[in-house]
Every structure is written in structure tokens, then in C-alpha cells.
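Participant: Take a look at this one; I'll ask things after.
Residue numbers (our numbering), protein chains in the order written: chain A, 752 to 864; chain B, 2 to 892.
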């Protein structure tokens, strides 16, 4: 097994990943790779995850009805499984963002003292 | 809806779906790395590495996907179910006549079944209302002559102390006696009392609802204490708790009320109170011969009844060796207490009814299935359209089944009402004494649950054939038809259903016929005596106040004189037993042999019943003395012992003339008792002990003067009018003789009522089965009418054409009636074959009629033919009236 890159603290990552995926999908339906790339690009090194951990999250979100999957065509003309945000997913994202903001504001206050 | 569509339309296995998705990801990641200038082979390896533990990821995803699919299927199912149910209700509303007929049919079937289920539940399924009832057994003391005999007190005590498999043993006397107490208004009142041993409440695990129950000390002190029943506590003392501890004067003695037992305890006997049978510390040896106790044992936890049986049998063997005089040849038989309390007759009756209503329900199902089939044919086009629009056959079957289940659930809900109504009137129909005190018919959640489950099953049973039938017609065929020529393939199934209905109805009619013939036989038998308008009451003068023989006999003589002096009394007499009623003693009691003959082996000695009577008994009952003489003034106490025998007894002595013959009698099972020798002075006509006795009962009568007894029936015959109208005057006459109020008078009834009660279970079975049979016949004929009317309607053009081509009205009628008769005849033939095959099953309930009774066969056929004619008449009339011109023009 090759050495794996250091990860961000697990607790933060786990709850945040769902929210990040939902946020990513607000830009339109994407396949898994595109979601992974977008998260990498926008968070920089702050959010280094294994590509593999993305998929259980996607499946979980689909089961909860927050995203739905459909087979479509990727930008390269390949058959690809595309995930799309559902109205329920949009509502969930709004709720998560609100919670996150409250949480980070609180934490920031503590650090500011 | 999109989500559900996806899961239904797209059926690639989850792991393939996952592999394809990951492969795309890897390829795109590899391409990205190559674009960044990494060597292609290395790039692919890096992409895979970046993926992490792929096997674990895959397992998680596939698992998640599976759960999602499952949840979605459930959601989809519920969604479709809701749609189906909504649709079903719309369909049922659109056809109100069909809906009403079908739901009422089902309500009748399910309601009748729920009522019978209540009976079966109470008698067969429900345990006794005590703690751990499966550990309670009845212990019979048995001998060659009595397979289920009672036990003597010393034997019971020895069983208790010597057995190892029982926690405790206790006993009660099977009969309920009576005591005289002061009523609220101060007059003497006779209340029922049962003897028990002190431990009976503990063995059954019954807790008092006030005060306490008996303790072993009460028994040892021979204390005068009683426990009263909840019913008596309520009616006499208004549930006053202060009554506990107070004294009450009974039979002239003071008893202390120590507690109140709840209703469940009345299982032993319907009585107002329980008193302890006096058990002296040392019982005399002959107490071993007093077989009077019904013993109940509570087995230790985990003990099987067989183990307890062999344990007690060993104890009984020991007793037989120690006390050969009384216990030789006696052993024990254990029986679950539930079986003792319910009785085999009630069990078989319950099973009979269950079978009968089961058949009725099947007929109901067949009728509704028939209606559905007819509707399915009419709806063929609608279904074809649905299937053309993409609904699969399974989907349509599901829809149709939902409709039938909705129908049956409505029927079931109404059935609950029908069942509740039947149970409400049931107590009037059920003969007193058929149900033991434990059995109460209640309408509770169990019955509702039964209705619900029955409705569901019934819905599927009657719905499945029509649903499959309806979806068999191909879409193009049904849509192309103009609705006049589609006959549908349902015709054959419908014919078969009606044949089945007729067969079942014939089977039930036949059973009802046999039971009705049995009822007629037990009601019209030759009972031997002529008087039936006779008042009877049980009179029990207190032994200490009226000691036998002199004072007691004086009392009887005075009462008889007072009663005879009453206006309207034609005759009066005394007897220890009543025809068809319970004897004071039970059944065969004495072995007998002719004095001077070589002694017979005790096991083979004939046995006789025993009744003590006054000379006036025979005239009161109008029971002829067919030979010899009646008892008279010669037969005094201390004089030569005499007896009168009945005809069966006399026959057993043939060819000798019984008159003047001397016989020796000895109590059954007591070879060491001193025999008594008596001379036969007369022969009385045979009287039946039970209305359905298959053999003549052997009976002997001894004169009251020579055989004093303190618990005796007074019989009074009026000159004219109803016998029971004399009751108040007779009670007043007894009170004039019994000024101290020390005589209990109970069981006031008439011979007519006793006879009615004695034939009660036959009447109950016959009336119930006949009612169900009539119901099934009506339903079956509705079925015949249904298919006939339908086929006439379908063939209007056909008949019209025939008429136009020269067929006469008679020809058309022959066609219609012929097809109906074919169905009925086949059904009747099958039903009669089934009747022959199953008649044996109810042999034990029959009397005076054979299972293959020809008159019953003939009667069933006549009844069937008559009702069939009614059901055929309408459709045949309609077919005969068809006007060819109108029929052919009609669309």
C-alpha cells in the first residue's frame, strides 16, 4: 500500500462532504469525477479526500432522495451516470449551509478572543 | 415518480452499475494525469491509488443501493395500493346493486362464522381462567365398572401425601346442594351450596375478591365457615365488604362468612357458597367406600401428565394392597381439567358448527365469485383498454384482487355487526346446562381479529379465479367485440362454482335432516309414563330437626297430606329421582343376583339403578305396574324388604317369573359391603333415563318407608291447568308443616321442562344446522338464478333467432331449464355422495336414525327440487317471452 496523503480531521470532513456535494450539484448535473474535481479545485488543499469516499456519499444522498441519478452523456460523449440535485436536496443544502454558518461564526468568535 | 420509474425501467445489477461508474472516473482521472505529463501507465496506477480501498467502497455503495431499491419498491407498492383502493371504491360505487348483494352475502357468511368462532374459542381454544391452567388435572378414581369415578376422602388424602408429582390436591363434590338461610325480608330462602376441601382455592390459584379463602386450619378445626360467590355477594349483600366476618344462620346453625370468591370460581358449579366438607381427623374405614369427591390436582412445574399418571397409579396400587377391602381393582385416570370442564359433547358440537359455517362461508365466496365473474365479462373492454395502455397482466390481477379484498373487508366489517347481533340473541337459543359456567360467549377483540383475517382470506379466495379469468381475454378480441357476442370463458367456471354450491347445500341439508330426525326421535320416544304435566321440587328436611326414620317420615306424610288437601291437586308422590332428570345418586349403583343362585364373579354381575319412591309415585306419574303389586301398607320399616323392578330388570331374570323372587343387592365396586336381600313384589313399566338411551336401563324401586332418605323430590299433579301454577300453594303447604324453617326447597320445575332440557342439545344442534342449511340453500339457489339469468340475457339474440327459425316456446324453455337442471342434478349427485361419505362423522350425534337414512335423502331431493323450481322460474319466463323481432333488432 502506497502512503496516503494526510487527511483533514475526520469529523469535519464527514458532515461537510455531503454539503459540498450538494453545493457542487447546484451548478447542474455532474458525474462523480466532475464532482471530485470541482471539490479539489475550489477547496484547494483544504479538502484532500480519496476519490473512493465520494461514491458512498453520493449513494447515501441518492437513498435519502436529495440527489437522483440518471444515465446520460458526459462532456466527452461517454455514457456517464449523472447526479442531479432534487428539490429536497436543495432544501437540505440550505439547512446545512445555515447550520455551518452558525457553527463557524461561533467558532470564529472563540478564536477571536 | 421519476425515482420510481428509474428503479423499474432500469434494471442493470447494482454492482455492474457501480463498476461502470468507477471505470469512467478512473479513465477521466488517468487522462487528467496524462495531460499533466505523467506517463500513461503510471497515471492509471495513480488514479487507482487515489481511489482508496475500492473493494470497501464498492461494498458500501452496493449495500446502500440495495436498501434504496427496496425502500423504493415499498413506496411504489403503497402508492399503487392507494391508487387501487381508490379505484376499487369508485368501481363499487358505480355498481351499487352488485356491491350491496356482494357485501351482504359476505357479511352473512363472515358474521355467522364469527359467532361460531366465539363458541369454538370459548370451548376449545381458551384456557381455563386460572394461573397456569395447563398444570391442572382432574383425577378420577376408576374401576372396571366406572371409568371416570369419584374418589373417597381417605384415598384423596393418601394421593396427596404419597404422590411426588403434585404441588397440591383438592376436591369438591360434583353436585350442588342447598341450605336454608334467612332472606333479606326474613323469610326462609334456599341457597345453593357446594362442598369443597380447604385447598381448592389454592390448587386453582383463585384469589378472593374480599376477605380470605379456606386455610388448612379451618378444615382441621372443622370450622363452620363459608366462602360466598360474587353473584350471591352482589344480589344478597350489595357487595358490602363488612359482610366478611359476620355470621349467617344456615340450616339452623351459625356459619361465618370468611370471604368472597370471584366469578371464575363458579366453574365447579353454579352455587351461592362453598362450605368445607366435614373431615373428621380419623376417618372410619368405611369412608374409603364413599366415592363422592371430584379431585383436582396441580402438577409441579414441568411435570408431564403421563408422569403424574404413573406416579399416582403407583400410589393407587399401594392403596389397593393396603386396603384390599375397598381399593382392590381401583386405580386412577388423569385428564386435563379443561377437558373435564368442557366435555366431549360440547367439543363435538362446536366442531360440527365450525364445519357447517365453514361450508356456508364457502358458498358465500362462490356466490360473490360468480357475481365478480359476471362483472368481469361486462368489464372485459375496460380491462382490455387498460392492458393496451401498458398495464401488465400481473398489475391488472392485482387491481382486481384489491377490489375483491376491499369488498370482503366491507363485508367483514358488516359481518362483525352480524356476529355481534347473533351473539346477543345466542343465550336464548343455547340450552341451559350445555355450556359450563366457564364458557361465556363474549364479543371481543379476538372475534374482530377473526373477522379481519377471514375477510382478507375470503377476499383473495373469491377474487382469484375471476381475476385470472378476466385477464385471459386478449385485448384485440375484447375491444373488437361489440359487447353482444362476447360470452367470455367464465361460463365454465361459473357452472362449476354453482355445482359446488348446490353440492354443499345438499350436504348441509342432509346433515340437518339427520339431526332433525334425531330430534323427532328423542321427542317422540316412549317414555313409559303418561303424565307430563307434573310439578316437582327437591325437598331437604334437615336431618337433626327431622331425624329419620320416624320424624322424617311423619314430615313427608304431613306434607303429602297438606298438598293433597290443596284445591286443584290430583295426586302427589315422592321420589329420589326424576325421569330424564338427575338422580339424587347418579347411575348404576348396585350389583344384583338372585338369592340362592351360584355366586357370580363380581366383575360380571349385572348392575341396576336405584330409586326410592313412595307408593303414590306410580299413580302420580301414571306409570303402570305391569305385574305384581304396588307398595302398600304392608311394606313398613322393619318388615320384610321388598322392591319393584322395571321391565329390563325383569327380562334379565327370564325365564323365571320375577314376582316373589328374592334378589341380593350390593353397592357397585364394594364387594365387602353387606349384601341386602329383597323380594320382588311388582314390575313397573320401563322408563327412560335419558331420551337417547340406546339400551333399556335396568332400574329398581324401593319403598320410602323402608329406605328413609333426606333429600327427595316431591311430585304434584294438578287436576287441570298448568302444573307450575301450583308452586306457591305447595311451598306454603310445606311452610305450614315446617314452622321452624329447617327445610330447604329447591329445583322447582316441571317434568315438561326437564324433558325439554334433556333434549336441548339435540334441538340446539338440529335448529342451528337447519338454519345454516337453509341459508346455504338460499345462497346456492341465488347462484343458480344468477347464472341462469345471465346466460338468458347473453343469449337473447340466440333465442330470438331460434324462435324466428320456428322453435316453439317449449323448445326455448327446454333449453333454459335443461341447462339449469343439469347443473343442479350434478351438484345434488355430488352432494349426496359427499353426504354418504361424511354421514359417519356425525353418527355419535344421531339417535333413532341411520347416517344413510332414505327418507332424509328423499326429503332433501324434494326440498331441492322445489327451491330449484323457484330459482329457475324467473329466467325461464324471461326466455319464453323473447320476441324474435325485438331480440334480433336489439343492439
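Don't be surprised by glycine CBs; every beta carbon is placed ideally from N, CA and C. Source: prediction; values computed, not measured.
Are residue 115 of chain B and residue 420 of chain B touching if we call contact CB-CB under 7 Å?
Facilitator: Along the second chain, one-based indexing puts residue 115 of chain B at 114. Along the second chain, one-based indexing puts residue 420 of chain B at 419. In this structure, residue 420 of chain B lies closer than 7 Å to residue 115 of chain B by Cβ.
Participant: Run through DSSP, which three-state label would residue 774 of chain A get?
Facilitator: The sequence position of residue 774 of chain A within the first chain is 23, counting from 1. If DSSP states are grouped into helix, strand and coil, residue 774 of chain A belongs with the helices.
Participant: Roughly how many whole angstroms lie between the Cα atoms of residue 715 of chain B and residue 351 of chain B?
Facilitator: Counting from 1 along the second chain, the entry for residue 715 of chain B is found at position 714. Counting from 1 along the second chain, the entry for residue 351 of chain B is found at position 350. The straight-line gap from Cα to Cα measures roughly 37 Å.
Participant: Starting from the beta carbon of residue 811 of chain A, find every residue of chain B whose beta carbon is closer than 7 Å, and list them in chain order.
Facilitator: Sequence index remark: in the first chain, residue 811 of chain A carries index 60 (1-based). The contacting residues are 65.
Participant: Please classify residue 355 of chain B: does DSSP put it in a helix, a strand, or coil?
Facilitator: Position 354 of the second chain, counted from the first residue, corresponds to residue 355 of chain B. Correct three-state label for residue 355 of chain B: helix.
Participant: Using a threshold of 6 Å, is the CB atom of residue 70 of chain B nearer than that to any non-hydrogen atom of the ligand PLP?
Facilitator: Looking for the ligand PLP in the displayed structure turns up nothing, as the structure carries no ligands at all.
Participant: Is it a yes or a no for the segment 843 to 861 of chain B touching the segment 506 to 516 of chain B, going by three-plus beta-carbon pairs under 8 Å?
Facilitator: Enough Cβ pairs lie closer than 8 Å, so yes.
Participant: Buried or exposed for residue 328 of chain B, please, with buried defined as at least 16 other CB atoms from any protein chain shown within 10 angstroms of its CB.
Facilitator: Translated into positions along the second chain, residue 328 of chain B becomes position 327. Residue 328 of chain B should be labelled buried.
Participant: Given a limit of 7 Å on CB to CB distance, which residues of the segment 107 to 136 of chain B reach chain A?
Facilitator: The segment 107 to 136 of chain B vs chain A, Cβ under 7 Å: nothing.
Participant: How about residue 503 of chain B and residue 731 of chain B: are their beta carbons less than 7 Å apart?
Facilitator: Counting from 1 along the second chain, the entry for residue 503 of chain B is found at position 502. Counting from 1 along the second chain, the entry for residue 731 of chain B is found at position 730. Not a contact, by the Cβ cut-off of 7 Å.
Participant: Should residue 141 of chain B go down as buried or exposed, given a rule of 16 or more other Cβ atoms within 10 Å for buried?
Facilitator: Mapped onto the second chain, residue 141 of chain B falls at position 140. Classification for residue 141 of chain B: buried.
Participant: Is there a Cβ from chain A that is less than 7 Å from the Cβ of residue 43 of chain B?
Facilitator: For the purposes of this step, residue 43 of chain B is taken as the residue at position 42 of the second chain. Output row for residue 43 of chain B: interface = no.
Participant: Output needed for residue 472 of chain B: all residues of its chain with C-beta closer than 8 Å, excluding positions within five of it in sequence on either side, in chain order.
Facilitator: Numbered from 1 along the second chain, position 471 holds the residue referred to as residue 472 of chain B. Closer than 8 Å at Cβ, skipping near neighbours: 384, 388, 394, 397, 398, 401.
Participant: Comparing C-alpha positions only, which one of B:182, B:340, B:619 sits nearest to residue 575 of chain B?
Facilitator: As a working note, residue 575 of chain B is residue 574 in the second chain. Ranking B:182, B:340, B:619 by Cα distance to residue 575 of chain B puts B:619 first.
Participant: Would a C-beta distance cut-off of 7 Å place residue 331 of chain B and residue 144 of chain B closer than the cut-off?
Facilitator: Start at 1 with the first residue of the second chain, and residue 331 of chain B comes out as number 330. Start at 1 with the first residue of the second chain, and residue 144 of chain B comes out as number 143. Contact flag set, yes.
Participant: If you count every other CB in all the chains shown that lies within 10 Å of the CB of residue 498 of chain B, and 16 or more means buried, which is it?
Facilitator: In the second chain, residue 498 of chain B corresponds to position 497, counting from 1. Residue 498 of chain B is buried by the Cβ-count criterion.
Participant: Which one of B:873, B:442, B:842, B:864 has the shortest CA to CA distance from residue 815 of chain B?
Facilitator: Position 814 of the second chain holds residue 815 of chain B. Taking only the C-alpha atoms, the option nearest residue 815 of chain B is B:873.
Participant: Going by DSSP, what residue range makes up the beta strand (DSSP E) through residue 825 of chain A?
Facilitator: Start at 1 with the first residue of the first chain, and residue 825 of chain A comes out as number 74. Taken as a continuous stretch (DSSP letters only), residue 825 of chain A belongs to no beta strand (DSSP E), as it is neither H nor E.
Participant: Less than 7 Å between the C-beta atoms of residue 677 of chain B and residue 666 of chain B, yes or no?
Facilitator: As a position in the second chain, residue 677 of chain B is number 676, starting the count at 1. As a position in the second chain, residue 666 of chain B is number 665, starting the count at 1. Cβ atoms of residue 677 of chain B and residue 666 of chain B: closer than 7 Å.
Participant: Mind listing the chain B neighbours of residue 806 of chain A? Cutoff is C-beta to C-beta under 7 Å, in chain order.
Facilitator: Taking the first chain and counting its residues from 1, the one referred to as residue 806 of chain A is at position 55. Result: 58, 62.
Participant: Contact criterion: CB-CB distance below 7 Å. Does residue 53 of chain B meet it with respect to chain A?
Facilitator: On the second chain, position 52 is the one that residue 53 of chain B refers to. True, the Cβ-Cβ gap to chain A drops below 7 Å.
Participant: Nearest chain A C-beta to residue 493 of chain B closer than 7 Å, yes or no?
Facilitator: If you number the second chain from 1, residue 493 of chain B lands on position 492. No - not a single Cβ of chain A is within 7 Å of the one on residue 493 of chain B.
Participant: Quick one: residues in its chain with C-beta nearer than 8 Å to the C-beta of residue 642 of chain B, no 5 flanking neighbours on either side, listed in chain order?
Facilitator: In the second chain, the residue the question calls residue 642 of chain B occupies position 641. Hits under 8 Å: 677, 678, 679, 680, 703, 707.
Participant: Starting from the C-beta of residue 836 of chain A, find all residues in its chain whose C-beta is less than 7 Å away, skip the five residues before and the five after it, and write them out in chain order.
Facilitator: For the purposes of this step, residue 836 of chain A is taken as the residue at position 85 of the first chain. Same-chain partners within the cutoff: 773, 776, 777, 818.
Participant: Anyone know if the C-beta pair for residue 610 of chain B and residue 700 of chain B falls short of 7 Å?
Facilitator: Locating residue 610 of chain B in the second chain gives position 609, counting from the first residue. Locating residue 700 of chain B in the second chain gives position 699, counting from the first residue. Yes.
Participant: When you compare only the Cα positions, how much space is there between residue 645 of chain B and residue 572 of chain B?
Facilitator: Along the second chain, one-based indexing puts residue 645 of chain B at 644. Along the second chain, one-based indexing puts residue 572 of chain B at 571. Computed Cα separation, rounded: 20 Å.
Participant: Where residue 271 of chain B and residue 291 of chain B are concerned, what is the direct C-alpha to C-alpha distance, given to the nearest angstrom?
Facilitator: By one-based count along the second chain, residue 271 of chain B stands at place 270. By one-based count along the second chain, residue 291 of chain B stands at place 290. Cα to Cα, residue 271 of chain B sits roughly 24 Å from residue 291 of chain B.
Participant: Would the segment 787 to 797 of chain A and the segment 849 to 864 of chain A be scored as touching if the rule is three or more Cβ pairs under 8 Å?
Facilitator: These segments do not touch.
Participant: Mind reading off the beta-carbon distance from residue 139 of chain B to residue 341 of chain B? Whole number of angstroms is fine, and I expect it under 8 Å.
Facilitator: Taking the second chain and counting its residues from 1, the one referred to as residue 139 of chain B is at position 138. Taking the second chain and counting its residues from 1, the one referred to as residue 341 of chain B is at position 340. At roughly 4 Å, the Cβ-Cβ gap stays under 8 Å, so residue 139 of chain B and residue 341 of chain B are in contact.
Participant: With a threshold of 7 Å on Cβ separation, who are the neighbours of residue 911 of chain B within its own chain once the five nearest residues in sequence on each side are excluded?
Facilitator: Residue 911 of chain B is absent from the model: chain B starts at 2 and stops at 892.
Participant: Could you pull out every residue in the same chain whose Cβ sits closer than 6 Å to the Cβ of residue 614 of chain B, ignoring the five residues on either side in sequence?
Facilitator: Residue mapping note: residue 614 of chain B aligns to position 613 of the second chain, counting from 1. Contacts found: 576, 702.
Participant: Is DSSP giving residue 639 of chain B helix, strand or coil here?
Facilitator: Counting from one through the second chain, the residue named residue 639 of chain B turns up at place 638. In the structure shown, residue 639 of chain B sits in coil (DSSP, three-state: anything other than H, G, I, E or B).
Participant: Do the CB positions of residue 214 of chain B and residue 260 of chain B come within less than 7 Å of each other?
Facilitator: One-based indexing of the second chain puts residue 214 of chain B at position 213. One-based indexing of the second chain puts residue 260 of chain B at position 259. Taking 7 Å as the Cβ cut-off, residue 214 of chain B and residue 260 of chain B qualify as a contacting pair.
Participant: Please list the partners that residue 69 of chain B has in chain A, where partner means a Cβ-to-Cβ separation under 8 Å.
Facilitator: For this step, residue 69 of chain B is matched to residue 68 along the second chain. Residues of chain A passing the Cβ test: 810, 813, 814.
Participant: Short check: CB of residue 309 of chain B to CB of residue 335 of chain B, under 7 Å?
Facilitator: One-based indexing of the second chain puts residue 309 of chain B at position 308. One-based indexing of the second chain puts residue 335 of chain B at position 334. Yes.
Participant: Between residue 177 of chain B and residue 266 of chain B, is the Cβ-Cβ spacing less than 7 Å?
Facilitator: Stepping through the second chain from its first residue, residue 177 of chain B is reached at position 176. Stepping through the second chain from its first residue, residue 266 of chain B is reached at position 265. No, Cβ-Cβ distance for residue 177 of chain B and residue 266 of chain B is not below 7 Å.
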